[in-house]
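**Student:**
There are 2 protein chains.
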Amino acid sequence: MTVTLADVAARAQVSPATVSRVLNGNYPVAASTRERVLKAVDELDYVLNGPASALAAATSDLVGILVNDIADPFFGIMASAIQAEIGGPGGRAGGERLAVVCNTGGSPERELTYLTLLQRQRAAAVVLTGGAIEDAAHKAAMDAKVRKLADAGTRVVLCGRPPAPETGAIALTFDNRGGGQELTEHLIGLGHRRLGYIAGPEERTTTRHRLEGHRAALAAHGIEEDARWTVHGRYDRRSGYEATLELLRRDPSLTAVVAANDSVALGACAALRDSGLRIPEDVSVAGFDDLPFSIDAVPSLTTVRLPLAEAGARAGRIAMGREEAPPGGIASVRGELMVRGSSGVPRVS
Amino acid sequence: MTVTLADVAARAQVSPATVSRVLNGNYPVAASTRERVLKAVDELDYVLNGPASALAAATSDLVGILVNDIADPFFGIMASAIQAEIGGPGGRAGGERLAVVCNTGGSPERELTYLTLLQRQRAAAVVLTGGAIEDAAHKAAMDAKVRKLADAGTRVVLCGRPPAPETGAIALTFDNRGGGQELTEHLIGLGHRRLGYIAGPEERTTTRHRLEGHRAALAAHGIEEDARWTVHGRYDRRSGYEATLELLRRDPSLTAVVAANDSVALGACAALRDSGLRIPEDVSVAGFDDLPFSIDAVPSLTTVRLPLAEAGARAGRIAMGREEAPPGGIASVRGELMVRGSSGVPRVS
DNA sequence: AGCGTTACAGCAAGCGCTTTCTACATACGG
DNA sequence: CCGTATGTAGAAAGCGCTTGCTGTAACGCT
Chain A
3 MTVTLADVAA RAQVSPATVS RVLNGNYPVA ASTRERVLKA VDELDYVLNG PASALAAATS
63 DLVGILVNDI ADPFFGIMAS AIQAEIGGPG GRAGGERLAV VCNTGGSPER ELTYLTLLQR
123 QRAAAVVLTG GAIEDAAHKA AMDAKVRKLA DAGTRVVLCG RPPAPETGAI ALTFDNRGGG
183 QELTEHLIGL GHRRLGYIAG PEERTTTRHR LEGHRAALAA HGIEEDARWT VHGRYDRRSG
243 YEATLELLRR DPSLTAVVAA NDSVALGACA ALRDSGLRIP EDVSVAGFDD LPFSIDAVPS
303 LTTVRLPLAE AGARAGRIAM GREEAPPGGI ASVRGELMVR GSSGVPRVS
Chain B
3 MTVTLADVAA RAQVSPATVS RVLNGNYPVA ASTRERVLKA VDELDYVLNG PASALAAATS
63 DLVGILVNDI ADPFFGIMAS AIQAEIGGPG GRAGGERLAV VCNTGGSPER ELTYLTLLQR
123 QRAAAVVLTG GAIEDAAHKA AMDAKVRKLA DAGTRVVLCG RPPAPETGAI ALTFDNRGGG
183 QELTEHLIGL GHRRLGYIAG PEERTTTRHR LEGHRAALAA HGIEEDARWT VHGRYDRRSG
243 YEATLELLRR DPSLTAVVAA NDSVALGACA ALRDSGLRIP EDVSVAGFDD LPFSIDAVPS
303 LTTVRLPLAE AGARAGRIAM GREEAPPGGI ASVRGELMVR GSSGVPRVS
C-alpha cells in the first residue's frame, strides 16, 4: 500500500538500516550508496512514517505553542515569531520541526488538555504564551504538568508569562507592572487626576500586573483611587466599548481612560466618540501592547510597546536550544512607552 | 522510566490489550475491570504514547491547518473557528485531536514542506486556508501532494481558497470576484469615476479575483481604466500607505481608493490623511474582509464582510466528517457589502 | 442435560522505523 | 606478511501500542 523503508531498501539494493541512515545522515554511508538510496526514495516518492520514526527514536519533531486566542494579533505575532525560529520548514536540513499552535481560548481545561496531548506526542518543546490563570488549583496542576514535561526531556519556555519556579521551565516575562506604571505616570504627568481603568478578565496575571502598575503610579502621586474608576472586561474591543460607557456613567468627570490593551482602547475610543467626546481634548485614552493597528487609530494610540516578535523569537531559539537560557532561567522583558495622539493635557474642569 | 501500557496492565492485573480497549472504548469491557484499569491509569499518571499508538493503529489525531500569515487576524479568525470545530480538547470523549496551525508565510516551499510534514505525521485531516499561489509548477506540485494525502485517507478541505478539481479536496471558496465587483459598483453608484486600486501580491488567486471583480464593475459601467490606477503591494498596512502615496503621485484627481483588504485600506487612510485629504469628502476608501478593527477606523471602513468564522467552522466540521461536503465538493461563500463612513459622494472636480 | 450464544479477557503478531552489535572488506604500520 | 585500525553495510532486537483471533466462563434455550 504505502511505500515503506523496506521498499526503498529493496529498490536501492541495500538494507533498511542503510536507508534510515541515509535519511538521518547520522552515520557514514558511502557516497555511491547514498546516491542510490536517494534515487530510490525519489522514484518511489517515499515519505517517512513520522509516528514509527518517533516511536523507534523516542523523540519527535513536534513543538507546541500554546496561545490564549489565536484570533488576537497579540498572540499571532508571538506565535509567528516563535514558529519562524522553531525552524518549521526552513531550518537546517533534516531538522524539520512541526510547530503546533494550540488555541486554549483562555480555558483552563483546554490549557491542561493540550499540555497532555503534547506530552502524549512526546513534543520536543513547548512554548506557553501570554498571561496565566490565577487559580491556585489550576496553577498547581499546570506546574505539575510542566514539571513532568520537563522531566521527560521536553524543553518548556514561558513567553510573556510569569515564571513558574521549580518546574524547570524557562521564563521570558513581560514587565506588565512596570509598563502599566509608566503609562499611567505619563498621564498623571500631563495633569490627569481622574483616570478610569478598564482591566482585563479577572484571575489573570496580565490583568493583575497591569492594574497593579496603574495603581502604583496613582499611589506614587498621592492620587486616591475611586473604586468606581475600575471596570473589568474581556480583552476585546466590544468589552472596551461597553466598559467605557459604564465608566462614563459612573463618573462623567473622568479625563482619561486607561485600557487593558489596545483592542480595548479602540473600543473605548469608539464609545467616547459616540458619546460626543473628543480625544484627547475631552478624554485621553491609552492602550497596551502597541499592536500594528494602534498607530492607525485616529488619533493614534498612546500605548506601551511590547517587543512581541523579539520575545517570541528568543523564546523559539531557547526552545530549540539555539540560545542559552537567561541566568536563573528568568528574564524580564520591558515595554516601551509610546506617546502618541490619544493622550493630551486634560480639559479644565 | 516512563509509564507504559504494560505497567498499567500489571497494576490493574489485566492484559495490555484490555487496558488499550478501556482507553479507546471501542470494545466491551466489564465495568469492574474498566474501573480497575482507570484507577491504575490514574495512580500511575499514565499518558498514552502518541507515536506508538498512531503507528499501531495507522491513524493519528493530528489535524493540520495551513495559513499564510498567522499574525494576520484574517487567518487567525479562520484558524480559531476551524480549531474550535476540530474538537481539540472539547470534542466528544476520546476524540481529542491536536490542531496544528502551520504558518507558511506565503512561501510556496514552506507550503509544500508543511504538507509533506503533515503527510509524514499521517494527519487525519488538513485544512488549507487563504488564497493560493498562481504558479503553474507550484500548483501542480500542490495538487499532486493534495491528491496523495487524500488517497492516503487524509481529508483535505480548502477554506477561502479556489477549488482544486481532481484532487479529492473539498473547497469552500470565497466569492472574491463578486465581492470586489459589488464594492466597486457601490463606489461607482456614488458617482466615482476615477478609482485607484491597491492590489495584493501578484500571483495570488485572491489578488487576481478581487481585482477582476473591480475591473468587471468598471467595465460594466463603461469606465475605461487607466493603467496608472492600479498598484500592487503586500497585504499589510505599510504597503497600503506607500501604494496610496504612489497613486496620489500618479493621479491626484482620484476620488476613491479601493484596497485589497482592510489592513491595506487602513494604511491608505493614513496616507490620505497625511497628505491633507479628508475621507470621504476628498477621497473615499474601501477595504475587504471586514476584520474587527475596520469598524473602529475613523471614519469606519466601507468593506466587504467575509464570513471568516462561519466558513472556518464549516470547514472544520467537514474536515472532521461531521458535516456533509457540499454538492460537487465545491461551495462558494459570498461576502456582504458593508457600507460605512469611509465612502461617500465624490467631490466635484 | 446438551449445545449454541454471548460477554469478556488474553495471546501474540505486527505497525515501520532506529540503533546496537556484528561482519567484512580494505588499508596501514611494523 | 600479519595484526590492528578504519570505513561501510547488514542482522536483528526492540520502541509501545492495537487488534484479529482464540479461549473460557456463564447464560439461555430446547
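Just so you know, the sequences run in chain order A and B.
Under my numbering, the first sequence has 229 at position 227, and the numbering climbs by one with no breaks.
Under my numbering, the second sequence has 271 at position 269, and the numbering climbs by one with no breaks.
Backbone N, C-alpha and C fix where the C-beta goes; we use that ideal spot for every residue, glycine too.
Could one say the Cβ of A/Y116 lies closer than 9 Å to chain B's Cβ atoms, at least one of them?
**Tutor:** Interface residue, yes.
**Student:** Are B/G182 and B/H234 closer than 9 Å when you measure CB to CB?
**Tutor:** Not a contact, by the Cβ cut-off of 9 Å.
**Student:** Is DSSP giving B/Y243 helix, strand or coil here?
**Tutor:** The answer is helix: DSSP assigns B/Y243 an H, G or I state.
**Student:** Rounded to whole angstroms, how far is the Cβ of A/L185 from the Cβ of A/F290, which I believe are closer than 8 Å?
**Tutor:** Correct: roughly 7 Å between the Cβ atoms.
**Student:** Give a yes or no on whether the minimum CB-CB distance between A/A95 and chain B is below 9 Å.
**Tutor:** Legend: pLDDT at A/A95 = 36, less than 50; position of this residue unreliable, value from coordinates given subsequently. Not an interface residue.
**Student:** List the residues of chain A whose Cβ lies closer than 7 Å to the Cβ of B/G289, in chain order.
**Tutor:** Within 7 Å Cβ-Cβ: nothing; B/G289 doesn't reach chain A, min ~12 Å.
**Student:** Is the stretch 142-156 of chain A touching the stretch 74-88 of chain A in the sense that three or more CB pairs, one from each, lie closer than 8 Å?
**Tutor:** The stretch 74-88 of chain A vs the stretch 142-156 of chain A: no contact.
**Student:** With DSSP as the reference, please indicate the residues paired to A/A2 in a beta bridge.
**Tutor:** Beyond the ends of chain A as shown, which are 3 and 351, falls residue 2 of chain A; an answer cannot be given.
**Student:** Using only the alpha-carbon positions, how far apart do A/T6 and A/A14 sit?
**Tutor:** Cα to Cα, A/T6 sits roughly 13 Å from A/A14.
**Student:** Secondary structure at A/E113, three-state DSSP: helix, strand or coil?
**Tutor:** Three-state result, A/E113: helix.
**Student:** Could you tell me the distance, in whole angstroms, from the CA atom of B/E227 to the CA atom of A/D63?
**Tutor:** Each residue's alpha carbon lies about 52 Å from the other.
**Student:** Would you tell me roughly how many angstroms separate the C-alpha atoms of B/G337 and B/L310, rounded to the nearest one?
**Tutor:** If you take the alpha carbons of B/G337 and B/L310, they lie about 10 Å apart.
**Student:** I need the DSSP call for B/V356, collapsed to helix, strand or coil.
**Tutor:** Nothing about residue 356 of chain B can be reported from this structure: the residues present for chain B run from 3 to 351 only.
**Student:** Please find out if some non-hydrogen atom of the ligand NAD comes closer than 8 Å to the beta-carbon of A/G323.
**Tutor:** What this structure holds is no ligand at all, so the ligand NAD is not there to describe.
**Student:** Suppose only complete runs of 4+ residues qualify. What are the alpha helix (DSSP H) ranges in the stretch 196-237 of chain A, listed by chain order?
**Tutor:** For the stretch 196-237 of chain A, whole alpha helix (DSSP H) runs of length 4 or above, ordered along the chain, are 207-222.
**Student:** Tell me the DSSP secondary structure of B/E338 in three-state form.
**Tutor:** If DSSP states are grouped into helix, strand and coil, B/E338 belongs with the strands.
**Student:** Compare the C-beta of A/S345 against all C-beta atoms of chain B and say whether one is closer than 9 Å.
**Tutor:** No, A/S345 lies away from the interface with chain B (no Cβ there is under 9 Å from its Cβ).
**Student:** Any beta carbon of chain A sitting closer than 9 Å to that of B/V300?
**Tutor:** With 9 Å as the cut-off, B/V300 counts as an interface residue toward chain A.
**Student:** Return the chain-ordered list of same chain residues with a C-beta closer than 7 Å to the C-beta of B/A56, the five sequence neighbours on each side being excluded.
**Tutor:** Excluding residues within five positions, the ones whose Cβ falls inside 7 Å are S62 and R124.
**Student:** Using a Cβ-Cβ distance under 9 Å, would B/G353 count as near chain A?
**Tutor:** Because chain B is modelled from 3 through 351, residue 353 of chain B falls outside the range shown and cannot be assessed.
**Student:** Need the endpoints of the alpha helix (DSSP H) that B/L174 sits in, please.
**Tutor:** Run containing B/L174: none in the alpha helix (DSSP H); it sits in the beta strand (DSSP E), I172 to F176.
**Student:** For a contact meaning CB atoms closer than 7 Å, what does B/I354 contact in chain A?
**Tutor:** The question about residue 354 of chain B has no answer, for chain B in this structure spans 3 to 351.
**Student:** Looking at B/A171 and B/A152, is the spacing between their C-beta atoms short of 9 Å?
**Tutor:** In contact: B/A152 and B/A171 (Cβ atoms closer than 9 Å).
**Student:** Which value, in whole angstroms, describes the spacing of the CA atoms of A/A54 and A/Y48?
**Tutor:** Their backbone Cα atoms lie some 14 Å apart in a straight line.
**Student:** Looking at the unbroken beta strand (DSSP E) that takes in A/S286, where does it start and where does it end?
**Tutor:** Here the beta strand (DSSP E) through A/S286 covers S286 to A288.
**Student:** Using only CA atoms, which one of B/G108, B/S109, B/G107 and B/I88 lies nearest to B/R99?
**Tutor:** Minimum Cα distance to B/R99 is reached at B/I88.
**Student:** Could you tell me the boundaries of the alpha helix (DSSP H) in which B/T6 lies?
**Tutor:** Where B/T6 is concerned, there is no enclosing alpha helix (DSSP H), given that its DSSP letter is neither H nor E.
**Student:** So the beta strand (DSSP E) A/L160 belongs to, where does it begin and stop?
**Tutor:** That run of the beta strand (DSSP E) goes R157 to C161.
**Student:** Whole angstroms is fine: what's the gap from A/T257's alpha carbon to A/R163's?
**Tutor:** For A/T257 and A/R163, the distance between alpha carbons rounds to 32 Å.
**Student:** From this set, A/T35, A/T4, A/N28 and A/G27, which residue's C-alpha is nearest A/S17's C-alpha?
**Tutor:** Of the candidates A/T35, A/T4, A/N28 and A/G27, the one whose C-alpha sits nearest the C-alpha of A/S17 is A/T35.
**Student:** Please look up how many angstroms separate the CB atoms of B/M340 and B/R316, rounded, as I've assumed it's under 8 Å.
**Tutor:** In fact, because the Cβ distance is near 21 Å, the residues do not count as touching under 8 Å.
**Student:** So, B/R342 versus B/P294, is the Cβ gap smaller than 9 Å?
**Tutor:** No, these two residues do not count as a Cβ contact at 9 Å.
**Student:** For chain B, find out if any of its Cβ atoms is closer than 9 Å to the Cβ of A/E205; answer yes or no.
**Tutor:** Chain B, which has no Cβ nearer than 9 Å to the Cβ of A/E205, makes this no.
**Student:** Terminal residues of the continuous beta strand (DSSP E) containing B/V128?
**Tutor:** B/V128 -> beta strand (DSSP E) spans A127 to T131.
**Student:** Less than 9 Å between CB atoms is the rule here; does B/I190 satisfy it with respect to chain A?
**Tutor:** Not an interface residue.
**Student:** To which residues of the same chain is B/N28 closer than 7 Å at the C-beta, ignoring the five residues directly before and after it?
**Tutor:** Here the set comprises nothing.
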